[in-house]
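Protein chains in written order, with our numbering: chain B, 398 to 593; chain P, 398 to 593; chain C, 398 to 593; chain E, 398 to 593.
Yeah, the Cβ is synthetic: ideal placement off N, Cα and C, and Gly gets one too.
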DNA sequence: GATTAACCGAGACGGTACGTCACGTCTTTAA
DNA sequence: TTAAAGACGTGACGTACCGTCTCGGTTAATC
């Protein structure tokens with residue numbers, strides 16, 4: 398019997414592992430069977446969890462997917478390398494990792510496809526996006542401070558200009574963007590924004 | 398018992414008006430209630446048709462949506478205007494119509510989101526895409542023949558470079574791309590591809 | 398031009414062969430695939446006719462089935478043989494033909510099963526029944542006139558008494574009533590109704 | 398992830414009240430609207446349950462109806478009363494309850510009508526039948542042991558002889574068999590099977 | 001022999017019920 | 001207290017059959 402109410406760690410406590418197992422199960426199901434076949438029952442079964450546990454942690458399917466996506470879609474840094482072209486190339490190459498596998502592409506496609514319908518998803522997508530865009534804008538800004546980049550270019554547009562083709566290649570053309578695309582992109586943008 | 402014709406043209410013909418009513422009902426529902434709320438029953442009811450009639454024409458929801466999308470997503474021409482920048486600007490501005498309303502953006506987002514899962518949708522998307530890309534490539538080719546555009550630029554990459562930001566703005570940033578974006582895009586690309 | 402509205406009979410006549418083909422197709426389908434699988438489309442196809450032709454002749458499925466049943470369920474005569482037992486035996490043996498095959502049993506079962514729901518069917522069933530019952534009652538009446546049968550027996554009850562077990566064996570026990578059952582039935586009834 | 402019990406008794410139990418509500422709803426619908434108008438949606442709605450719940454318990458409409466029928470069609474006892482005629486009369490009168498209302502007659506008619514098509518239904522019908530027949534045979538056997546009934550009568554045939562007219566009156570003639578029919582039946586059978 | 005009206009096969013159509021499946025909620029038992 | 005198991009209401013899916021309706025084309029009675 399010996400009830401021990403004072404004990405802080407009463408009850409279960411295994412929560413973190415379960416959460417991770419569920420998130421990975423979700424990503425597994427996504428890459429194996431595709432977005433359309435993603436079901437909460439399927440994720441629960443693969444995770445060895447119960448559906449109630451899923452709903453205890455996330456309000457609905459979208460929220461779970463969103464957090465799972467966060468495991469894959471990580472912020473990408475943009476270190477100061479002293480040269481605009483080098484920085485941009487470095488940054489864009491770092492982005493390739495997300496798209497070089499079917500799972501990543503499916504994940505991003507799913508987010509984009511569902512976003513116009515789901516406000517939460519939409520917000521999250523926009524937030525992730527802002528981060529990515531911020532890196533690019535920072536690179537441009539440093540370039541402008543250095544004198545590598547003309548002062549009259551619009552940083553937001555340039556950010557859109559480099560992000561667009563990456564996602565377009567990955568999601569619409571459904572092919573992995575590669576170093577070659579990055580290089581051409583860097584060359585074109587560099588030519589366009591260089592002073593004179 | 399009469400002679401058995403077995404002819405190809407026997408029996409009542411499918412009503413073209415019904416088909417159109419259904420397709421428009423689908424687009425209506427899409428723009429009013431969003432992709433997630435799209436139901437075959439809903440479309441049938443709005444069209445004044447029966448669900449059986451829908452399934453007589455299309456094997457499933459995706460196929461119907463696909464054809465409905467075809468009504469909105471039309472090929473965009475790229476006439477010869479004698480000048481690279483002018484042609485590109487004209488072409489990109491023509492594309493804006495698709496994205497300047499919620500319905501068009503939702504439609505394209507839905508297609509992109511569902512494509513990685515559905516092979517038919519994927520094919521259709523790719524086909525539409527090829528058409529759009531072909532227009533852009535033709536503009537670049539004419540520019541190269543005129544001498545407006547350097548000969549060493551990769552036409553496919555340029556096509557991706559201009560298509561990407563348009564869709565990115567519309568679908569990911571969820572905002573209508575406007576004449577301003579087009580102008581900046583044209584300026585940047587022109588600067589990048591101009592000889593010397 | 399010469400419009401002649403007065404003319405009553407002009408135009409093609411309905412084909413008797415088609416009607417028969419349809420009725421036989423219905424019976425075919427019934428014996429092959431059972432009542433539950435009976436569909437108007439199926440009957441039409443087997444008959445090489447069109448559904449419209451079926452509905453031109455019969456208002457609905459029940460009516461068609463009813464007429465088809467009439468081909469199988471024929472009135473059974475009860476000739477005067479000069480002896481009550483002989484007449485009853487003769488009559489009941491004549492009834493066996495309807496039940497000695499799966500089709501007949503299914504048909505009667507279908508009629509009986511559907512009758513409580515469908516008033517028309519119910520009427521038709523009752524009409525057929527009255528005929529059968531009338532034969533039995535006539536046999537009993539002749540027996541009473543001859544002195545073979547007691548005058549105080551209720552003819553209707555005796556009719557029910559002999560009809561009941563036949564149908565019961567066929568439809569409920571789902572077995573063909575045979576000469577043996579008839580003989581036992583005749584013996585029992587004869588014993589029960591004989592004078593003294 | 399916790400220990401996986403895999404135990405047989407885990408999870409929410411099926412509500413017995415729900416099951417009963419559904420069965421009664423089915424019988425309600427049957428007696429109110431008839432067999433042909435019986436729909437799973439209708440039953441679900443009347444029971445305040447969902448269609449999914451119906452299909453969780455029964456594989457299809459037939460199986461549900463079958464179990465519902467079991468609530469109405471109960472085994473009928475045949476106690477030893479020391480006298481053949483009295484026992485037979487008692488037993489047959491007990492059977493009247495099933496047929497003295499529209500619902501019971503419709504139910505039995507539906508079972509009989511559908512049985513030739515559906516093997517499960519057929520088995521169930523036969524099983525119920527065997528029970529009823531067994532009671533009658535037991536009555537006859539006791540009669541034979543007492544000397545009330547001749548030893549050379551076939552018990553099975555007598556059982557058919559008394560069951561047949563009851564059902565015939567109820568289902569084919571579509572009228573409630575009453576005490577009068579029972580009395581006449583008893584009188585006739587007694588006369589037929591009495592020694593001498 | 002030409003006209004013409006009804007017939008015919010094919011099959012589309014609006015309805016309605018079927019049986020399935022996933023969502024998100026809930027209850028039960030065990031740890 | 002937290003978990004797995006799984007029942008539950010809801011509502012969409014895609015299928016099947018009913019009885020009705022066009023559509024061309026055929027056939028037989030009347031002119």
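Mind the definition here: the region 553-568 of chain B touches the region 550-565 of chain P only if three or more C-beta pairs lie below 8 Å; say whether that holds. yes
Do you know whose CA, among P:472, P:467 and P:479, lies nearest residue 543 of chain P's CA? The candidate whose alpha carbon is nearest that of residue 543 of chain P is P:479.
Given that a residue counts as buried once 16 or more other Cβ atoms are within 10 Å of its Cβ, and exposed if not, what is residue 494 of chain B? exposed
For residue 557 of chain B, decide whether its Cβ has a neighbour in chain P, counting only Cβ atoms nearer than 8 Å. yes
Residues of chain P with CB closer than 7 Å to the CB of residue 572 of chain B, please, in chain order. Chain P residues near residue 572 of chain B: none, gap ~10 Å exceeds 7 Å.
Tell me whether residue 447 of chain E is buried or exposed, calling it buried when 16 or more other Cβ atoms sit within 10 Å of its Cβ. Exposed, since its Cβ has fewer than 16 Cβ neighbours within 10 Å.
Would you tell me roughly how many angstroms separate the C-alpha atoms of residue 570 of chain E and residue 557 of chain C, rounded to the nearest one? 9 Å
Against chain E, which members of the region 491-504 of chain C pass a CB distance test of less than 9 Å? From the region 491-504 of chain C, only 499, 502 and 503 have a Cβ closer than 9 Å to chain E.
Give me, in chain order, the residues of the same chain whose beta-carbon lies closer than 7 Å to that of residue 407 of chain E; leave out the 5 immediate sequence neighbours on both sides. none
Between residue 425 of chain B and chain P, is there a C-beta pair that is closer than 8 Å? Not one chain P Cβ lies under 8 Å of residue 425 of chain B.
Can you tell me where the alpha helix (DSSP H) with residue 607 of chain E in it begins and where it stops? Nothing can be reported for residue 607 of chain E, as the shown portion of chain E is limited to 398 through 593.
Give a yes or no on whether the minimum CB-CB distance between residue 465 of chain E and chain C is below 8 Å. no
Chain C residues whose Cβ lies nearer than 8 Å to that of residue 551 of chain E: At a C-beta separation below 8 Å, residue 551 of chain E has these neighbours in chain C: 581.
Span separating the alpha-carbon of residue 400 of chain P from that of residue 445 of chain C: Low confidence applies to residue 400 of chain P: its pLDDT is 43, below 50, so where it sits in the model is not reliable, and the reading given next is rough at best. Rounded to the nearest angstrom, the two C-alpha atoms are 10 Å apart.
CB contact check: residue 568 of chain C to chain E, cutoff 8 Å: yes
Residue range of the alpha helix (DSSP H) that residue 568 of chain P falls in? Segment: none, residue 568 of chain P is in no alpha helix (DSSP H) and carries neither H nor E.
Assuming residue 514 of chain B and residue 433 of chain P form a contact by the criterion Cβ under 8 Å, report the distance between their Cβ atoms to the nearest whole angstrom. 4 Å
For residue 426 of chain C, count the other beta carbons within 10 Å of its own beta carbon; 16 or more makes it buried, fewer makes it exposed. Which is it? buried
Looking at chain P, is there any beta carbon in it that lies within less than 8 Å of the beta carbon of residue 562 of chain B? yes
Rounded to whole angstroms, what's the CA-CA distance from residue 530 of chain C to residue 474 of chain C? Just pull it up for me. 11 Å
Going along chain B in order, which residues have a C-beta closer than 9 Å to the C-beta of residue 509 of chain P? Neighbours of residue 509 of chain P on chain B, chain order: 506, 509, 510, 568 and 569.
Residue 528 of chain P versus residue 471 of chain P - alpha carbon distance: Going from the Cα of residue 528 of chain P to the Cα of residue 471 of chain P covers about 9 Å.
Can you give the beta carbon distance from residue 517 of chain E to residue 581 of chain E, rounded, assuming they're within the 8 Å contact cut? 36 Å between Cβ atoms; not a contact.
Nearest residue (CA-CA) to residue 429 of chain C, options C:504, C:577 and C:416: C:504
Please report how far the alpha carbon of residue 502 of chain B lies from the alpha carbon of residue 468 of chain B, in whole angstroms. In this structure, the alpha-carbon of residue 502 of chain B lies about 14 Å from that of residue 468 of chain B.
Report yes if the CB atom of residue 555 of chain E is closer than 8 Å to the CB atom of residue 586 of chain E, and no otherwise. Going by C-beta atoms, residue 555 of chain E is nearer than 8 Å to residue 586 of chain E.
What residue range does the alpha helix (DSSP H) around residue 447 of chain E cover? That residue, residue 447 of chain E, is in no alpha helix (DSSP H); it is neither H nor E in DSSP.
Measuring only the C-alpha atoms, how far is residue 496 of chain E from residue 573 of chain E? When rounded, the distance between both Cα atoms is 6 Å.
What does the Cβ neighbour count give for residue 404 of chain B, buried or exposed, with the cut at 16 atoms within 10 Å? Its pLDDT being 37, under 50, residue 404 of chain B is placed unreliably in this model, and the value from its coordinates should be taken loosely. That one is exposed.
Hey, how far is the Cα of residue 481 of chain C from the Cα of residue 540 of chain C? 5 Å
DSSP three-state label for residue 494 of chain P, please. helix
Between which two residues does the alpha helix (DSSP H) carrying residue 510 of chain C extend? 499-511
Residue 553 of chain B and residue 534 of chain B closer than 8 Å at C-beta: yes
Since residue 532 of chain E meets chain C, which of its residues come closer than 8 Å, beta carbon to beta carbon? Those do not exist, as residue 532 of chain E stays about 15 Å from chain C at its closest Cβ, beyond 8 Å.
Go through its chain and collect everything with a Cβ distance to residue 486 of chain C's Cβ below 8 Å, but skip five positions before and after it. 579, 580 and 583
Where residue 431 of chain B meets chain P, residues with beta-carbon distance less than 8 Å: 513 and 514
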